[in-house]
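What follows is a set of notes on a single structure, which appears directly below.
Residue numbers (our numbering): 335 to 574.
Written out as structure tokens, the structure reads:
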């Protein structure tokens with residue numbers, strides 16, 4: 335069977351993300367403005383961002399899309415006027431201004447510590463080495479501390495880390511090994527490898543063997559209207 339052109343795959347991701355944004359407007363307060371068009375790997379991260387929000391919404395969370403500047407302790411948190419995702423990773427701590435105004439999601443439940451979901455974050459681990467994290471879910475107080483303090487270590491602070499692969503061939507075992515290396519230095523509560531195309535069988539087995547905790551997992555063919563899409567959301571729902 336011939337492969338679907340990457341342009342078609344990108345268009346399908348954008349269509350799915352747009353549908354998610356409309357759903358957020360209808361069922362979550364507050365609403366958002368227009369989605370900034372992005373492509374390829376960056377768009378796949380945005381798609382996975384929406385998958386996390388979908389799973390959280392099913393668990394009863396109230397979702398708010400906000401700008402980074404709202405982590406600075408303002409008394410009122412306003413919704414983001416438009417959705418802007420980073421195209422390259424950056425720290426939570428940096429100078430304020432329009433260039434730093436990127437989107438994150440606030441997840442709240444009654445009686446629980448709020449969580450904040452980010453795309454494209456540089457996180458410093460136990461070793462002092464900085465790692466690039468495609469998607470990172472933090473407790474809001476931790477995110478606020480990291481925003482206000484340079485070189486803030488996120489060792490044992492992350493609720494969830496997702497490594498996104500907008501791949502066209504099977505992701506090999508080496509990728510899973512590298513992911514576990516990052517996990518060892520940051521020690522996430524949960525770590526997930528999500529691949530647009532297939533994940534090599536041995537890589538999936540390596541992640542799900544239980545050696546790295548019960549919440550390490552890998553998923554292949556995570557794309558709109560696929561079984562991988564549903565399996566990932568079901569797994570994420572168990573984490574909330």
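For glycine and all other residues, C-beta sits at the position ideal for the given N, C-alpha and C.
These numbers were taken from a predicted model, which means no experiment stands behind them.
- Secondary structure at residue 343: helix, using DSSP grouped into helix, strand and coil.
- Per DSSP, the continuous beta strand (DSSP E) segment holding residue 449 begins and ends at 449-458.
- For residue 508, the uninterrupted alpha helix (DSSP H) segment begins and ends at 507-520.
- Residue 510 and residue 552 do touch by the CB rule: their CB atoms are close to 6 Å apart, below 8 Å.
- Here residue 349 is near residue 558, since their CB atoms are less than 9 Å apart.
- The Cβ-Cβ distance between residue 437 and residue 401 falls below 9 Å.
- Counting along the chain, the unbroken alpha helix (DSSP H) around residue 376 starts and ends at 374-392.
- For residue 539, no beta strand (DSSP E) segment is defined; the enclosing uninterrupted segment is the alpha helix (DSSP H) at 535-541.
- In the three-state scheme derived from DSSP, where H, G and I count as helix and E and B as strand, residue 487 is classed as strand.
- By the 16-neighbour rule on beta-carbons within 10 angstroms, residue 466 is exposed.
- A check of alpha carbon separations from residue 374 across 549, 530, 563, 393 identifies 530 as the nearest.
- With fewer than 16 other Cβ atoms inside 10 Å of its own Cβ, residue 545 counts as exposed.
- Comparing alpha-carbon positions, the option among 341, 489, 380 lying closest to residue 351 turns out to be 380.
- Partner residues in a beta bridge of residue 569, as assigned by DSSP, do not exist.
- When only Cα atoms are considered, residue 495 and residue 513 end up about 10 Å apart.
- Rounded to whole angstroms, residue 523 and residue 549 show a C-alpha spacing of 7 Å.
- Assignment of residue 468 by DSSP, reduced to helix, strand and coil, places it in the strand class.
- In the DSSP assignment, residue 401 is bridged to 437.
- DSSP places residue 527 inside the beta strand (DSSP E), whose first and last residues are 525-529.
- Residue pairing by DSSP places residue 426 in no beta bridge whatsoever.
- For residue 551, the enclosing beta strand (DSSP E) covers residues 550-553.
- DSSP places residue 492 outside any alpha helix (DSSP H); the residue lies instead in the beta strand (DSSP E), whose first and last residues are 492-499.
- Taking the Cα of residue 571 as reference, the smallest distance to any Cα among 382, 390, 508 is reached at 390.
- Take the alpha-carbon of residue 343 and the one of residue 565: they are about 19 Å apart.
- Secondary-structure assignment with DSSP links residue 473 through a beta bridge to 449.
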